[in-house]
Every structure is written in structure tokens, then in C-alpha cells.
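*Asks:* Structure below; questions to follow.
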Amino acid sequence: MSRAHNFSAGPAALPEPVLRRAQQELLEWGDARASIVELSHRGPEFMQVASEAESDLRNLLSVPDDYGVLFLAGGATTHQALMALNFAAPGQCADYVLTGHWGKTAIRQAGAYVRVNISASGEDDGFRSIPPRESWRLSRDAAYVHITANETIHGVEFRPAWGEPAPDVGEAPLFADFSSSIASEPLDISRYGLVYGGAQKNLGPVGVSIVIVRRDLLERAGQPRADIFSYASHLKSDSMLNTPPTWNWYLAGLVFKWMIEEGGVREFARRSEQKAALLYSTIDGSAGFYRNDVDPAVRSRMNVPFFLADAGLDAAFLAEAREGGLIGLKGHRVLGGMRASLYNALPLEGVRALTDFMQDFGRRHG
Ligand code: PMP
1 MSRAHNFSAG
11 PAALPEPVLR
21 RAQQELLEWG
31 DARASIVELS
41 HRGPEFMQVA
51 SEAESDLRNL
61 LSVPDDYGVL
71 FLAGGATTHQ
81 ALMALNFAAP
91 GQCADYVLTG
101 HWGKTAIRQA
111 GAYVRVNISA
121 SGEDDGFRSI
131 PPRESWRLSR
141 DAAYVHITAN
151 ETIHGVEFRP
161 AWGEPAPDVG
171 EAPLFADFSS
181 SIASEPLDIS
191 RYGLVYGGAQ
201 KNLGPVGVSI
211 VIVRRDLLER
221 AGQPRADIFS
231 YASHLKSDSM
241 LNTPPTWNWY
251 LAGLVFKWMI
261 EEGGVREFAR
271 RSEQKAALLY
281 STIDGSAGFY
291 RNDVDPAVRS
301 RMNVPFFLAD
311 AGLDAAFLAE
321 AREGGLIGLK
331 GHRVLGGMRA
341 SLYNALPLEG
351 VRALTDFMQD
361 FGRRHG
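Residue numbers 1 to 366, in UniProt numbering, belong to the letters of the sequence shown in order.
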């Protein structure tokens, strides 16, 4: 059997050429006579892997020089706590714009270390829209303003049509969770104080996360904490304060090279628009057989939650999809229904196969 089209939300599909190259290099990396995963992180081989990964990511995302890039163990959730510890003074508040499940997680993690002010929330609307910028109640002395650029479960994304992809929040630096949309389109990093995300959607395997942080913010004292929780210490030691997740970092590096070869973030933006448009038009054109409830102005290009009008058909839909080589479509338990994640590694043909299947399933069961 061949590999399926994988719509998983994360861990998610990796580009096949990356997996093949990793397979090819697994036993012996270059002329090291050992696997990259068996070598010291401080040896010349891994140092080369690490620095190429960083410079490739900087190129890919056009990261300005006054920003540091960190490759750290663990997931995005860790950073949701660390950002409060590192950047908020004791007793200071931070503003959160809540647009879905992962914004809630961010608030829960930060809440242990900072006074959280929920400046705006889409919860009353079931997280189907993003509250208009005019309605946000930002604090005057916030340590930072946090948004979730793309809500992986609710399928809500800050889009240019909404106003600005990076909203203007005044004096406080804007911190953004880009876990599920990073590298899917050009990003003006200079509008953010901090951009972070786990790698396991668009960038590589789970187990490593990326933090892009404006260097001057690292001068803030933050709160008493161990070195290992300090971004400044991590940056000073080039993300090697302790043993980094070398295998994950290496694989992410291969994904960066693949993305550059494929044409970079502009090309992935084009493909993402195309893939999302095809899927949403299939849902909207199904005469109610399928449904997506998100405000069209902020529909996510990356994660498309959808529901069958008859939830009794869910199990058959998933079983037949799997039979047809389409996996990872079961919705998150928070929402139920279905979800198709359309990350960079998923080709347009995958979405064509899905929409053909959806139309056929609709005809047979409608
Ligand atoms: N933020 C977003 C937008 C996510 O999608 C996820 C994971 N799906 C997280 C945070 C949590 O990430 P992790 O499991 O890597 O901590």
C-alpha cells in the first residue's frame, strides 16, 4: 500500500522528499561514519546542521538581524508559560485576544505568572469570528499583547481581509502563536515582539519549537527563574544551554531546505490559497450536506473544521475516507465533526482527492 494523503493537525504530514533523505542519511550522515542522531551536539557535524537550519529559517521567513532565533525542546505550551516569566515584571499584566482553544491554553499557562487581561474574546460567538479591532480593550501598561495567529481547532485565522494580519496594538509588543501557520505565507516579523510555535505542523517533527524574539526585549528582567527558563540564556548559548533535540532540529532543517527549493513562503501562500479555496467551495457548494461555520473573512487556510449535517454518517465518512487513502480527518474532540489540515507538506492533489471523495460521498448518502 502507498502512503495516504494525511490531513492530521499535528504531528502532521512531512514532505516525502524530506523523509526519503532522512532515511538515506539515517545510518551515516555525510562522512561522519555515524548517524547525526548519534553525534555530539557540540561536534562539527551537528554544529553545521544547526547553523544551516537557523540561516535557512532566517532566509525563509526574512527574519531581521535584530531578532534572535531559538530552537528549543518541547512544545508551544512551554513558551506560553515562559513568555510571562521572561517578559512580565511581577504584578504586571498582559493582554490576551482570545480567538479559540489555543488562546485559552495560552491564558492558562501564563496565568500562573502574570495578571491576564482578556482584551477581547470570540467565545460568545463560539469562536467563529475574530472580535473587531475597535472592540479590543488593551491595557495601558501591558507587558505584551498575545494573539493566536491561527486557531488549529476552531479554524479561525487572522487574515488581511480582517484588517491587518498583524494588528496594530500600540506600544506593547505583539506576541503571536504561529504554531499552525508559520511559513505558510510571508510574514512581517518586525511587527511582532515574539513569534513562536511547535514545529509539528508546518516545520517538521514534534519535539522542537521555534522562538523568534526581538533582542531588546531580552533585556527585560522578567521574574525570578532558573537559567533553563530564560530566553536570554538560551540565545547566549545558541540554543545549546543543555542538550538540544538534535534529531528534531535536523529534520526541521531538511524541511526548511525543501521549502526553499519549492519556492519559499510566497509559493506556499499561493498553494495554501488554492487548497483552501477548493475545500471551502466544496463545503459551501454541498447544499448543506457539509458545513463550516466560520466567518468567511477569517476562515483558516490551514485547518478546516467541517461537519456533516447528519452526524450519524461521521463514522462511515471516516472509514470510507481511510479506505480511499485519506487519513487524519477526525475532528478534535472539542468540536467533533471533521477537520482537514492543509499544511505545506500536503499537496493540492491531496485536497483534490478529498473534495472528489466528499462529493461522491455526498451523492451516495445525500
Ligand atoms: N498553539 C497552537 C495554535 C496549537 O495548534 C498547538 C498544538 N496543536 C499548541 C499551541 C500546543 O502545542 P504543543 O503541543 O506543541 O505544546
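Idealized CB from N, CA, C, for every residue including glycine.
1. Please report the Cβ distance between A149 and A176, rounded to the nearest whole angstrom; I am assuming they are in contact, meaning their Cβ atoms lie under 8 Å.
2. At a cut of 8 Å, does the stretch 199 to 208 reach the stretch 243 to 251 through at least three beta carbon pairs?
3. Mind checking which residues open and close the beta strand (DSSP E) that includes P160?
4. From the DSSP output, in three-state form, read off F87 for me.
5. Determine the direct distance from the alpha carbon of Q23 to that of E16, and round the result to whole angstroms.
6. Please report the distance separating the alpha-carbon of H234 from that of A315.
7. For the ligand PMP, is there any heavy atom lying closer than 7 Å to the beta carbon of G325?
8. Report the start-end ranges of each beta strand (DSSP E) in the stretch 97 to 124 that is 3 residues or longer and not cut off at the edges.
9. Just curious, the beta strand (DSSP E) that M338 is in, first and last residue?
10. How should V351 be labelled, buried or exposed, when 16 other C-beta atoms within 10 angstroms of its C-beta is the threshold for buried?
11. What distance in whole Å lies between the Cβ atoms of V195 and L72, which are believed to be in contact at a cut-off of 8 Å?
12. How would you label G10, buried or exposed, when you count the other beta carbons within 10 angstroms and need 16 or more for buried?
13. Once you ignore the five residues that flank P135 on each side, which residues in its own chain have a CB closer than 7 Å to its CB?
14. Below 8 Å, how does it come out for the stretch 275 to 289 and the stretch 77 to 85: are there three or more Cβ pairs, yes or no?
15. Which residue marks the beginning of the alpha helix (DSSP H) containing V145, and which one marks its end?
16. Here's the rule I'm using: 16 or more other beta-carbon atoms within 10 Å means buried, otherwise exposed. How should E157 be labelled?
17. Between which residues of its own chain and L14 is the CB-CB distance below 6 Å, once the five residues before and five after are set aside?
18. Find out if the Cβ-Cβ distance for the pair C93, V69 is shorter than 8 Å.
19. Could you give the C-beta distance for A89 and A221, rounded to a whole number, given that I count them as a contact under 8 Å?
20. Using three-state DSSP, classify S2 as helix, strand or coil.
21. Can you list, in chain order, the residues of its chain whose CB lies under 6 Å from that of S143, leaving out five sequence neighbours each side?
22. What residue from H332, V304, I147, P186 has the CA that sits closest to G355's CA?
23. Check whether the stretch 185 to 192 and the stretch 61 to 68 touch, using three or more Cβ-Cβ pairs below 8 Å as the test.
24. What residue range does the beta strand (DSSP E) around D168 cover?
25. What separation, rounded to the nearest whole angstrom, lies between the Cα atoms of F256 and L39?
26. Below 6 Å CB to CB, which residues in the same chain sit around S181 once its five sequence neighbours on both sides are set aside?
27. Spatial neighbours of D310 within its chain, please: C-beta separation below 8 Å, excluding the five flanking residues on both sides.
28. Can you list, in chain order, the residues of its chain with a C-beta nearer than 6 Å to that of K275? Leave out the 5 residues immediately preceding and following it.
29. Which same chain residues end up closer than 8 Å to W258 when comparing Cβ atoms and leaving out the 5 residues on each side of it in sequence?
30. For the alpha helix (DSSP H) containing F256, list its first residue and its last residue.
31. Quick check: does the Cβ of G155 come within less than 7 Å of any heavy atom belonging to the ligand PMP?
32. Since N242 sits in a beta bridge, which residues does DSSP pair it with?
33. What residue does the beta strand (DSSP E) around N303 start on, and which one ends it?
34. Starting from the C-beta of V169, find all residues in its chain whose C-beta is less than 7 Å away, skip the five residues before and the five after it, and write them out in chain order.
35. Could you check if R159 is buried or exposed, using at least 16 other CB atoms within 10 Å of its CB as the buried criterion?
*Replies:* To lay it out plainly:
1. The residue you call residue 149 lines up with position 149 of the sequence shown. The residue you call residue 176 lines up with position 176 of the sequence shown. The beta carbons of A149 and A176 sit about 5 Å from each other, so the pair counts as a contact at 8 Å.
2. Inter-segment contact for the stretch 199 to 208 and the stretch 243 to 251 is present: three or more beta-carbon pairs are separated by less than 8 Å.
3. The sequence position of residue 160 within the sequence shown is 160, counting from 1. No beta strand (DSSP E) holds P160; DSSP gives it neither H nor E.
4. As a first step, residue 87 must be located in the sequence shown, where it is residue number 87. For F87, the secondary structure class from DSSP, reduced to helix, strand or coil, is helix.
5. By 1-based counting over the sequence shown, the position of residue 16 is 16. By 1-based counting over the sequence shown, the position of residue 23 is 23. If I take the Cα positions, the gap works out to 10 Å.
6. Within the sequence shown, numbered from 1, the residue matching residue 234 stands at position 234. Within the sequence shown, numbered from 1, the residue matching residue 315 stands at position 315. In a straight line, the C-alpha of H234 is about 46 Å away from that of A315.
7. The residue labelled residue 325 in the question sits at position 325 within the sequence shown. No, the Cβ of G325 stays beyond 7 Å of every heavy atom of the ligand PMP.
8. Under the rule that a run must span 3 or more residues, the beta strand (DSSP E) segments found entirely inside the stretch 97 to 124 read 115 to 121.
9. Translated into positions along the sequence shown, residue 338 becomes position 338. First-last of the beta strand (DSSP E) with M338: 338 to 341.
10. Locating residue 351 in the sequence shown gives position 351, where the first residue counts as 1. Per the 10 Å Cβ criterion, buried.
11. Here the question's residue 72 lines up with position 72 in the sequence shown. Here the question's residue 195 lines up with position 195 in the sequence shown. Approximately 14 Å separates the beta-carbon atoms of L72 and V195; this is outside 8 Å, ruling out the contact.
12. Start at 1 with the first residue of the sequence shown, and residue 10 comes out as number 10. Classification for G10: buried.
13. Taking the sequence shown and counting its residues from 1, the one referred to as residue 135 is at position 135. Going by the sequence as given, residue 135 is Ser instead of Pro. Excluding residues within five positions, the ones whose Cβ falls inside 7 Å are A120.
14. Contact fails: fewer than three Cβ-Cβ distances are below 8 Å.
15. As a working mapping, residue 145 is identified with position 145 in the sequence shown. Where V145 is concerned, there is no enclosing alpha helix (DSSP H), although the beta strand (DSSP E) it sits in stretches over 145 to 148.
16. The count along the sequence shown starts at 1 and reaches residue 157 at position 157. Its Cβ being crowded by 16 or more others within 10 Å, E157 is buried.
17. Taking the first residue of the sequence shown as position 1, residue 14 is located at position 14. Around L14: A345.
18. Your numbering for residue 93 matches position 93 in the sequence shown. Your numbering for residue 69 matches position 69 in the sequence shown. Result no, Cβ atoms of C93 and V69 do not sit closer than 8 Å.
19. Taking the first residue of the sequence shown as 1, we reach residue 89 at position 89. Taking the first residue of the sequence shown as 1, we reach residue 221 at position 221. 7 Å between Cβ atoms; contact.
20. Counting from one through the sequence shown, the residue named residue 2 turns up at place 2. Reduced to three states, the DSSP call for S2 is coil.
21. Here residue 143 refers to the residue found at position 143 when the sequence shown is read from its first residue. Looking at the sequence itself, residue 143 is Ala, so the reference to Ser does not match. Same-chain partners within the cutoff: F87, A88, Q92, A94.
22. Residue mapping note: residue 355 aligns to position 355 of the sequence shown, counting from 1. Residue 355 is actually Thr in this sequence, not Gly. The shortest Cα separation from T355 among H332, V304, I147, P186 belongs to V304.
23. Output reads yes: the stretch 61 to 68 touches the stretch 185 to 192.
24. Taking the sequence shown and counting its residues from 1, one reaches residue 168 at position 168. Careful: D168 lies outside any beta strand (DSSP E) and carries neither H nor E.
25. The residue given as residue 256 occupies position 256 in the sequence shown. The residue given as residue 39 occupies position 39 in the sequence shown. Roughly 21 Å between the two C-alpha positions.
26. Reading the sequence shown from its first residue, position 181 is the one you call residue 181. Around S181: A149, N150, M302.
27. As a first step, residue 310 is located in the sequence shown; it is residue number 310 there, counting from the start. So the qualifying residues of the chain are H365.
28. Counting from 1 along the sequence shown, the entry for residue 275 is found at position 275. Same-chain partners within the cutoff: L342, L348, V351.
29. Within the sequence shown, residue 258 is the residue found at index 258, counting from 1. Apart from sequence neighbours up to five positions away, the residues of its chain that approach W258 with a beta-carbon distance below 8 Å are P15, P17, V18, ordered along the chain.
30. Translated into the one-based positions of the sequence shown, residue 256 becomes position 256. Here the alpha helix (DSSP H) through F256 covers 246 to 261.
31. Reading the sequence shown from its first residue, position 155 is the one you call residue 155. Because no heavy atom of the ligand PMP lies under 7 Å away, the Cβ of G155 does not count as near it: no.
32. Locating residue 242 in the sequence shown gives position 242, counting from the first residue. In the DSSP output, where bridge partners are listed per residue, N242 has none listed.
33. Counting from one through the sequence shown, the residue named residue 303 turns up at place 303. That run of the beta strand (DSSP E) goes 303 to 308.
34. Your numbering for residue 169 matches position 169 in the sequence shown. The beta carbon of V169 lies closer than 7 Å to those of L138, V145 in the same chain, with the five residues before and after it left out.
35. The residue given as residue 159 occupies position 159 in the sequence shown. With 16 or more Cβ atoms within 10 Å of its Cβ, R159 is classed as buried.
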